[in-house]
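Working notes for the structure below.
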Amino acid sequence: MGQTMIEKIIGAHTSESVHPGKTVWMEIDVRSARDFGGANVVKNFQTHYPGEIVDDVKKTFFTFDCVVPANTIPYASNQQTCRDFAKDQGIKLYDVDAGIGSHVDIEEGLALPGGVIVGTDSHLNIMGAVGAFGQGMGDQDIAFAFKAGKTWFEVPPTMKVTIKGDLPENCTAKDLTLEVVRVLGSKGALGRAVEFYGDAIDKLSLPGRITLASMATEMGAITGLLPPNQEVIDYCTQRADGRSVRPYYADEDANYVKELTIDISELTPRIASPPKPDNVSPVSDLANQTIDGVFIGSCTNGSYKDISEVAKFVKGKKVFPGVMAKVVPATREIYGKLLGEGHIQTLYDSGFIVSNPGCGGCASGQIGMTGKGEVQVSTSNRNFTGKQGAGDTYLASPMTAAASAILGRIGTASEVV
Amino acid sequence: MPSTKFKGRAWVILDEQGEIIDDIDTDMIFHNSYLAITEIEKMGQYTFDNLEGYKDFAQKAKPGDLVFVGANFGSGSSRQQAVGCFRSLGVSCIVANSYGAIYKRNAINSGFPILTIKDINFTDPNEPGMIKSGDELEIDLEKATIHRDGLQVGTLEPFSKVQKDIYMAGDIFEYAKEL
Chain H
1 MGQTMIEKII
11 GAHTSESVHP
21 GKTVWMEIDV
31 RSARDFGGAN
41 VVKNFQTHYP
51 GEIVDDVKKT
61 FFTFDCVVPA
71 NTIPYASNQQ
81 TCRDFAKDQG
91 IKLYDVDAGI
101 GSHVDIEEGL
111 ALPGGVIVGT
121 DSHLNIMGAV
131 GAFGQGMGDQ
141 DIAFAFKAGK
151 TWFEVPPTMK
161 VTIKGDLPEN
171 CTAKDLTLEV
181 VRVLGSKGAL
191 GRAVEFYGDA
201 IDKLSLPGRI
211 TLASMATEMG
221 AITGLLPPNQ
231 EVIDYCTQRA
241 DGRSVRPYYA
251 DEDANYVKEL
261 TIDISELTPR
271 IASPPKPDNV
281 SPVSDLANQT
291 IDGVFIGSCT
301 NGSYKDISEV
311 AKFVKGKKVF
321 PGVMAKVVPA
331 TREIYGKLLG
341 EGHIQTLYDS
351 GFIVSNPGCG
361 GCASGQIGMT
371 GKGEVQVSTS
381 NRNFTGKQGA
391 GDTYLASPMT
401 AAASAILGRI
411 GTASEVV
Chain F
1001 MPSTKFKGRA
1011 WVILDEQGEI
1021 IDDIDTDMIF
1031 HNSYLAITEI
1041 EKMGQYTFDN
1051 LEGYKDFAQK
1061 AKPGDLVFVG
1071 ANFGSGSSRQ
1081 QAVGCFRSLG
1091 VSCIVANSYG
1101 AIYKRNAINS
1111 GFPILTIKDI
1121 NFTDPNEPGM
1131 IKSGDELEID
1141 LEKATIHRDG
1151 LQVGTLEPFS
1161 KVQKDIYMAG
1171 DIFEYAKEL
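Chains H and F supply the protein sequences, listed in that same order.
Heads up: the first sequence begins at 1 in my numbering, then just goes up one per residue.
Heads up: the second sequence begins at 1001 in my numbering, then just goes up one per residue.
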């Protein structure tokens, strides 16, 4: 019997036989904690392993991204707790300037195709973008992984989603992603791994892959995996610091619990209305909705591609009076590239606020939250009640968010003259 | 040895239409504005304070209570506090149709019993055995059953082996010592 991608990846990290439903002990290549949950990881580690050291300091990391720099004393104290622990143990820490941990993991070559990466970030399944298995975990799980270097894992069944047709020119990877979330719903892939196939998937660039993989969480999936293409393999190889890059692909006779085809040839820009990510409709259905702000960034849409395309689109145009337009690059590397290419100047001239890298709008980050009654278009991944503040959050692509910022209402790029 | 039988008062988490609520995410259970909290004693007071209709849950909950919810409970973030807050209040266990993947691990690893529903009637008063808030129920983990006044009113999925082993050991840390 052939194996799916997740079965092969797990199989490469355990000596046990692997099949869906079986619990195996799995070696972990990267064990990380953020400022979110990080202090609790340290507390759990120190409680259960007093005076002991982590399993492998070269595989253990802290990545600060949630509230960077800290804007409350408790957050600042939690970050300091992590810094002190990291210093004691000799653990590498990506501090408040570095950006979103999952993106840093890929940029720094820590997350490679075929790898297993765990951390206190529920969107760590972003690693599916490079054909790696990323898994968000709580702070006890991660404290245990810091010490043991491995953990138990129940091998999930895999479902196969084939995307049929080419992505229309006015649509982006986010529109494709929202369409998949709409079709699957919040529980459509619950407890499963999802593999994505089709011409449109093959052609997706790494940032687009990140967008799709990041929202596997919102489909209920354990992880969403995209078979790495040459661009991904080349990118990761360049950053692997000499380590070999070994992608895993599903066997032809792999066993899927469910197969589904989604046709995107007639897709139009999509938007998810509050309070659920799967509450998806065409952007045109909401054209009368006025807005108070936009947030362009997050692990889902904070890439150089996302933000540079927005900058090129808004060049010479102005943000609608009274609209707060916030841009947060995912990482310091992206920020530097945007700066070097003049895109930050363009965004500034158009009336955007550009902040330092990090998670930004999600989880009370550095660019603040929405107030009661405030309507925001966000490029992030969750619009749950209260998640990005007390207001209403709509999820859309960076292009739709940028167009909405200029129109002062929800709208698509094609409506902007 | 952790208890395998619980007796307590039921909370059936229904919406305004009387349906069991699905997709209760971690921001509804324990909002992100309290994430800097690391002490378990302080977590309980914020339980469900962003869940419409249950914002006073923490004031009304009593140790030993049993909480019944719908599908995909605890979807969303990796925050352990969303499990810790129930422990903090002394809630005995959670019973749901299904769980978010990370939530499930967090509960299992911390030795907090979460149970999956096989067959329970929450909504049809014409059928026997409807469970409602305030009922005094008995849950038997080993038999995977729910009883009220000596009569069986529900069946549950049995614990998986790893869940049972970790639960009996206390938590993931204690369990790993036995390996």
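Ideal placement from N, C-alpha and C gives every residue a C-beta, glycine not left out.
In this text the structure is predicted, and so the values were computed from the model without any measurement.
Alpha carbon of residue i to alpha carbon of residue j, nearest angstrom
{"i": "N1032 (chain F)", "j": "P69 (chain H)", "result": "17 Å"}
{"i": "Y256 (chain H)", "j": "D278 (chain H)", "result": "23 Å"}
{"i": "Y1175 (chain F)", "j": "V42 (chain H)", "result": "19 Å"}
{"i": "E1157 (chain F)", "j": "T400 (chain H)", "result": "45 Å"}
{"i": "F1112 (chain F)", "j": "V1083 (chain F)", "result": "8 Å"}
{"i": "P329 (chain H)", "j": "N301 (chain H)", "result": "9 Å"}
{"i": "P113 (chain H)", "j": "V155 (chain H)", "result": "18 Å"}
{"i": "Y304 (chain H)", "j": "Y335 (chain H)", "result": "8 Å"}
{"i": "L124 (chain H)", "j": "I1146 (chain F)", "result": "37 Å"}
{"i": "S447 (chain H)", "j": "V232 (chain H)", "result": "With chain H running from 1 to 417 in the structure shown, residue 447 (chain H) is simply not present."}
{"i": "I106 (chain H)", "j": "Y235 (chain H)", "result": "9 Å"}
{"i": "Q1163 (chain F)", "j": "G373 (chain H)", "result": "43 Å"}
{"i": "I1037 (chain F)", "j": "M1043 (chain F)", "result": "7 Å"}
{"i": "T1047 (chain F)", "j": "V1067 (chain F)", "result": "12 Å"}
{"i": "R243 (chain H)", "j": "C82 (chain H)", "result": "28 Å"}
{"i": "G136 (chain H)", "j": "G119 (chain H)", "result": "5 Å"}
{"i": "L339 (chain H)", "j": "T1026 (chain F)", "result": "36 Å"}
Paired residues, beta bridge with residue i - DSSP
{"i": "D1119 (chain F)", "result": "F:T1155"}
{"i": "S378 (chain H)", "result": "H:F295 and H:L395"}
{"i": "I163 (chain H)", "result": "H:I262"}
{"i": "V1005 (chain F)", "result": "Before going on, a small fix: residue 1005 (chain F) reads as Lys here, not Val. According to DSSP, which records beta bridges pairwise, K1005 (chain F) is partnered with F:D1140."}
{"i": "K150 (chain H)", "result": "H:E27"}
{"i": "S186 (chain H)", "result": "Partner(s): none; S186 (chain H) has no beta bridge."}
{"i": "L1035 (chain F)", "result": "Paired residues: none, contrary to the question."}
Residue of the options minimising C-alpha distance to residue i
{"i": "R1148 (chain F)", "options": "F:F1122, F:Y1046 and F:E1138", "result": "F:E1138"}
{"i": "D392 (chain H)", "options": "H:Y75, H:T120 and H:T290", "result": "H:T290"}
{"i": "M159 (chain H)", "options": "H:G220, H:E52 and H:P357", "result": "H:G220"}
{"i": "E266 (chain H)", "options": "H:S397, H:T4, H:L176 and H:D84", "result": "H:L176"}
{"i": "E179 (chain H)", "options": "H:D166, H:E7 and H:I264", "result": "H:I264"}
{"i": "T60 (chain H)", "options": "H:V194, H:H48 and H:I142", "result": "H:I142"}
{"i": "Q3 (chain H)", "options": "H:N125, H:S281, H:Y249 and H:K312", "result": "H:Y249"}
{"i": "G51 (chain H)", "options": "H:T23, H:R83, H:S32 and H:D88", "result": "H:D88"}
{"i": "K1076 (chain F)", "options": "H:V116, H:Q79, H:S122 and H:F45", "result": "Per the sequence presented here, residue 1076 (chain F) reads as Gly, with Lys not at that position. The shortest C-alpha separation from G1076 (chain F) is found at H:S122."}
{"i": "K58 (chain H)", "options": "H:A86, H:D35 and H:S102", "result": "H:A86"}
{"i": "N381 (chain H)", "options": "H:V181, H:Y348 and H:K372", "result": "H:V181"}
{"i": "V319 (chain H)", "options": "H:Y348, H:C299, H:E333 and H:V283", "result": "H:Y348"}
{"i": "Q366 (chain H)", "options": "H:F64, H:R209 and H:K317", "result": "H:F64"}
{"i": "L260 (chain H)", "options": "H:A216, H:V245 and H:V194", "result": "H:V194"}
{"i": "P421 (chain H)", "options": "H:Y94, H:I126 and H:H48", "result": "Any question about residue 421 (chain H) goes unanswered here, given that chain H covers just 1 to 417."}
{"i": "A189 (chain H)", "options": "H:T217, H:K174 and H:L167", "result": "H:T217"}
{"i": "V1153 (chain F)", "options": "F:D1056, F:R1087, F:I1029 and F:I1117", "result": "F:I1117"}
{"i": "I344 (chain H)", "options": "H:M324, H:V310 and H:A363", "result": "H:V310"}
{"i": "D241 (chain H)", "options": "H:V30, H:T385 and H:E108", "result": "H:E108"}
{"i": "G38 (chain H)", "options": "H:D97, H:D29 and H:F146", "result": "H:F146"}
{"i": "P168 (chain H)", "options": "H:A111, H:A272, H:D199 and H:L184", "result": "H:D199"}
Minimum Cβ-Cβ distance from residue i to chain H less than 9 Å
{"i": "M1168 (chain F)", "result": "no"}
{"i": "I1172 (chain F)", "result": "yes"}
{"i": "D1023 (chain F)", "result": "yes"}
{"i": "S1088 (chain F)", "result": "no"}
{"i": "L1035 (chain F)", "result": "yes"}
{"i": "K1161 (chain F)", "result": "yes"}
{"i": "A1176 (chain F)", "result": "yes"}
{"i": "G1076 (chain F)", "result": "yes"}
{"i": "D1015 (chain F)", "result": "no"}
{"i": "R1009 (chain F)", "result": "no"}
{"i": "V1095 (chain F)", "result": "no"}
{"i": "Q1045 (chain F)", "result": "no"}
{"i": "A1071 (chain F)", "result": "yes"}
{"i": "G1053 (chain F)", "result": "no"}
{"i": "N1032 (chain F)", "result": "yes"}
Partner residues on chain C for residue i, Cβ-Cβ distance less than 7 Å
{"i": "D202 (chain H)", "result": "You won't find chain C in this structure, because its protein chains are H and F."}
Residue i at chain F interface by Cβ criterion, 9 Å
{"i": "L190 (chain H)", "result": "yes"}
{"i": "M215 (chain H)", "result": "no"}
{"i": "S298 (chain H)", "result": "no"}
{"i": "Q366 (chain H)", "result": "no"}
{"i": "R83 (chain H)", "result": "no"}
{"i": "D139 (chain H)", "result": "yes"}
Starting from the N-terminal side, write out each stretch of the beta strand (DSSP E) that is 3 residues or longer and does not extend beyond the region 31 to 116 of chain H.
-> With a minimum length of 3 residues, the continuous beta strand (DSSP E) runs that stay inside the region 31 to 116 of chain H are 60 to 63 and 92 to 94.
Curious, which full-length alpha helix (DSSP H) runs of at least 4 residues does the region 312 to 394 of chain H contain?
-> 332 to 340 and 343 to 349
Counting only runs that start and end within the region 1068 to 1105 of chain F, where is the beta strand (DSSP E) found for 3 or more residues in a row?
-> 1093 to 1096
Every unbroken beta strand (DSSP E) inside the region 206 to 233 of chain H [3 residues or more] = Counting only runs of 3 or more, we get 223 to 225.
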